[in-house]
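Just so you know, the protein sequences line up as chains V and W, in that order.
For the first sequence, this note's numbering gives the first residue as 1, with consecutive numbering after it.
For the second sequence, this note's numbering gives the first residue as 294, with consecutive numbering after it.
Cβ atoms here follow ideal geometry from the backbone N, Cα and C, with glycine treated the same way.
Computed from a prediction, not measured in an experiment: that's the story for all the values here.
Have a look at the structure below before the remarks.
2 protein chains.
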Amino acid sequence: MKIALIQMACSPNPSENVDQAVSHIEKAARGEAQLLCLPELFRSQYFCQREDAALFDLAESIPGPTTEVLGKIAKEKNVTILASLFERRAAGVYHNSLVVMNERGEIASLYRKMHIPDDPAYYEKFYFTPGDKGFQAINTSHATIGPLICWDQWYPEAARLTALHGAEVLVYPTAIGWYPPEKAQDGAAQRDAWVTIQRSHAIANGVFVVAVNRVGHEIQSEGGDGIEFWGSSFVCDPFGVILAQASVEKEEVLFVDIDLKRIEETRRNWPFLRDRRIDAYGGITQRYIDDAT
Amino acid sequence: MKIALIQMACSPNPSENVDQAVSHIEKAARGEAQLLCLPELFRSQYFCQREDAALFDLAESIPGPTTEVLGKIAKEKNVTILASLFERRAAGVYHNSLVVMNERGEIASLYRKMHIPDDPAYYEKFYFTPGDKGFQAINTSHATIGPLICWDQWYPEAARLTALHGAEVLVYPTAIGWYPPEKAQDGAAQRDAWVTIQRSHAIANGVFVVAVNRVGHEIQSEGGDGIEFWGSSFVCDPFGVILAQASVEKEEVLFVDIDLKRIEETRRNWPFLRDRRIDAYGGITQRYIDDAT
């Protein structure tokens, strides 16, 4: 099967971004991709750089105007589209969500980001109620997809549970970048940690991993340094081998052929799932285990 | 604090290997290391390449002859030693175990390998009863150590639980290498996956990771190709940055200074432990979650 990672730059104008996404989707479809992934919250610039209640206006219902546009193009081009949206579920209940639009133009599933960050310039706990639909595996025409979003990528539990549900391809739409004053000293290690942790989920679980990030330098707070999104969208195979990786700064549609048979082959030779000590993992549901202190 | 990773080649003669270990320990102590780690089952060649009941004779009790030798040198040199031993617990009950010998020459803790592999040339399920002492954090004079062994390194659950118990430094004595006929095609990816998964435990948990492997080409079965142990012992910091790495083929004592303050600093800036969705992790104790099929 062929996947297309749509690495976008996002403008301040949501309708422009949706148009841009559609144009990338058309390009991906011309290239015969079957599964297309957009970056996290592609419809706007990364508004979580500041806390401003007016920005909840960016949210929309699901189904809503953007799923309508994407459903139409998914059906027209006969492709599956993974799209991350700022979901308005009810007044005061907003989520960072990921829909899978199938080739019939329907919403095949809705995932809501489970792990919500909150750091300077990533004030997501202000905007997003933590997801309440759990970890999922979604059957699509070509593969069973594990929908996850950005900060989820740092949690081995999320990857493991999604894989145990049967996902063959974990997909992480993402908005992560450098804080410009830190870039020279820590930038390389930060980007490398981000790649490494996601490759590790592929290895631990014997699944493909797809990470789709945005590019561009977005300054959303007065006098701030903004975030320089580091692109670097990539796909790795079930042993963590990077099959393709995009640039750090350019908009691009990255096409990657993946062979799902690699999962069976990898798991036969590195049978990690066989030997899990499920009798001894109960403590994972604790926040911290205080006996050692 | 200063750590010494003792990357050894092992001969067919156990008493020679113990002498060799002592000589490396003396060197490490001269270099002012405080925490010393030997490779997995350093007292013998890697006998699990074949299944042979006579090889249970290699096991010994804990405490036993080897802990006596190591306790003496630990006390004399005022160092902490982590030593992986083939433990005879009772007739028919053998473990792949890791003892921490403190500076007073006492056994401070005993960990028994929880995840037991079984693959061609790694027939560990024949020899080792799975560990029954769970995941641990051991307070030593210089750091809280998380003892783990080899195959455990592929399991994010093991690293997570050990870190939640309070471990600051995860230590993985290891015996892993290339199957010579596969080396040209897959060798680089295999070694890279091994480094990557362990670096990911550092990142996910904000802890140091120490992996100590053996070197040498050991052929233990008639007409077999044996295993070419890949050395590459390394230490990485709480963000997965490799601080030092040994060669693929030489015996060496690798000295690494680590600053435990890096843990607090890393976890403040990348607060992954804060946002874990412990309400949603219950499925981790399942073997597989069949709802998607």
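Item                                                                                                                                                                                                      : Value
Which residues, taken in chain order from the stretch 24 to 56 of chain V, show a beta carbon closer than 8 Å to some beta carbon of chain W?                                                             : none
Which residue from V:Phe-208, V:Ile-149 and V:Gln-190 puts its Cα closest to that of Arg-267 of chain V?                                                                                                  : V:Phe-208
Throw me the rounded Cβ distance for the Lys-406 of chain W and Asp-445 of chain W pair, which I believe falls under 8 Å.                                                                                 : 6 Å
When you compare only the Cα positions, how much space is there between Phe-235 of chain V and Phe-428 of chain W?                                                                                        : Correcting the residue type first, residue 235 of chain V is Val in the shown sequence and not Phe. Each residue's alpha carbon lies about 33 Å from the other.
Residues bridged to Phe-229 of chain V by DSSP?                                                                                                                                                           : V:Gly-177 and V:Gly-216
If we define contact as Cβ-Cβ less than 8 Å, is Thr-285 of chain V a contact residue for chain W?                                                                                                         : yes
Assuming Lys-2 of chain V contacts Ala-33 of chain V (C-beta within less than 8 Å), just tell me the rounded distance between them.                                                                       : 5 Å
Please go through the same chain and pick out, in chain order, the residues whose beta-carbon is closer than 6 Å to the beta-carbon of Gly-146 of chain V, but skip the five residues on each side of it. : Ala-137, Thr-162, Ala-167 and Leu-170
By DSSP, does Asp-152 of chain V sit in helix, in strand, or in coil?                                                                                                                                     : helix
May I ask you to list the residues that DSSP assigns as paired with Pro-307 of chain W?                                                                                                                   : Bridge partners of Pro-307 of chain W: none, in fact.
To the nearest angstrom, how far is the alpha carbon of Arg-336 of chain W from that of Ala-384 of chain W?                                                                                               : 20 Å
Taking 8 Å as the CB-CB limit, is Ala-184 of chain V close to chain W?                                                                                                                                    : no
Please state the DSSP three-state secondary structure of Leu-328 of chain W.                                                                                                                              : strand
Excluding the five sequence neighbours on either side, which residues of its own chain have a C-beta within less than 7 Å of the C-beta of Pro-356 of chain W, listed in chain order?                     : Ile-400
Run down chain V in chain order and give the residues with a C-beta less than 7 Å from the C-beta of Met-407 of chain W.                                                                                  : Arg-277 and Ala-280
Please name the residues in the stretch 224 to 236 of chain V whose beta-carbon is closer than 9 Å to at least one beta-carbon of chain W, in chain order.                                                : none
Kindly list the residues whose CB is nearer than 8 Å to the CB of Ile-284 of chain V, restricted to its own chain and excluding five residues on each side of it in sequence; keep chain order.           : Glu-157
Between Ser-193 of chain V and chain W, is any beta-carbon pair separated by less than 8 Å?                                                                                                               : First, the amino acid is wrong: residue 193 of chain V is Ala here, not Ser. So yes, Ala-193 of chain V belongs to the interface.
List the whole-angstrom C-beta distance separating Thr-174 of chain V from Val-212 of chain V, where the pair is believed to meet the contact cut-off of C-beta under 8 Å.                                : 6 Å
Specify, as a first and last residue, the run of the beta strand (DSSP E) that Val-362 of chain W falls within.                                                                                           : Here Val-362 of chain W belongs to no beta strand (DSSP E); instead the alpha helix (DSSP H) covers 358 to 370.
Exposed or buried, which one is Gly-509 of chain W when buried takes at least 16 other CB atoms within 10 Å?                                                                                              : buried
Determine, for Gly-427 of chain W, whether the minimum Cβ-Cβ distance to residues of chain B falls below 8 Å.                                                                                             : Looking for chain B here will not work: the only protein chains present are V and W.
Ignore the nearest five residues each way along the sequence and tell me which others in Asn-602 of chain W's own chain have a CB closer than 7 Å to its CB.                                              : Residue 602 of chain W lies beyond the range of chain W shown here (294 to 586); nothing can be said about it.
List the residues of chain W whose Cβ lies closer than 9 Å to the Cβ of Trp-151 of chain V, in chain order.                                                                                               : Phe-565 and Asp-568
Would you kindly report the start and end of the unbroken alpha helix (DSSP H) that includes Phe-272 of chain V?                                                                                          : Counting along the chain, Phe-272 of chain V falls outside any alpha helix (DSSP H), and DSSP gives it neither H nor E.
Mind listing the chain W neighbours of His-217 of chain V? Cutoff is C-beta to C-beta under 8 Å, in chain order.                                                                                          : Under the 8 Å cutoff, chain W gives no residues; its nearest Cβ is about 21 Å from His-217 of chain V.
Excluding sequence positions up to five away, which residues of its chain have a Cβ less than 7 Å from the Cβ of Glu-544 of chain W?                                                                      : Gln-300, Met-301, Ala-302 and Val-508
In or out: Ala-246 of chain V buried (at least 16 other Cβ within 10 Å) or exposed?                                                                                                                       : buried
So Ala-486 of chain W packs on Phe-532 of chain W, CB below 8 Å; how close in whole Å?                                                                                                                    : Ala-486 of chain W to Phe-532 of chain W, Cβ: 19 Å. No contact.
For Ala-321 of chain W, which residues from the same chain have a beta carbon less than 6 Å from its beta carbon, with the 5 sequence-adjacent residues on both sides left out?                           : Ala-297, Leu-329 and Val-546
Return the residues of the stretch 196 to 218 of chain V that lie within a Cβ-Cβ distance of less than 7 Å from chain W, sorted by chain order.                                                           : Thr-196, Ile-197, Arg-199, Ser-200, Ile-203 and Ala-204
Count the other CB atoms within 10 Å of the CB of Ala-54 of chain V; is the residue buried (16 or more) or exposed (fewer)?                                                                               : exposed
Take Ser-23 of chain V as the anchor and find which of V:Asn-13, V:Gly-223, V:Glu-60 and V:Leu-70 has the nearest alpha-carbon.                                                                           : V:Leu-70
Check the DSSP bridge columns for Tyr-465 of chain W and list the partner residues they point to.                                                                                                         : W:Ala-504
With Gln-124 of chain V as the anchor, note down where its alpha helix (DSSP H) starts and where it stops.                                                                                                : It is Glu, not Gln, that sits at residue 124 of chain V in the sequence shown. Start and end: 124 to 127.
Tell whether a beta-carbon distance below 8 Å holds between Leu-403 of chain W and Val-392 of chain W.                                                                                                    : yes
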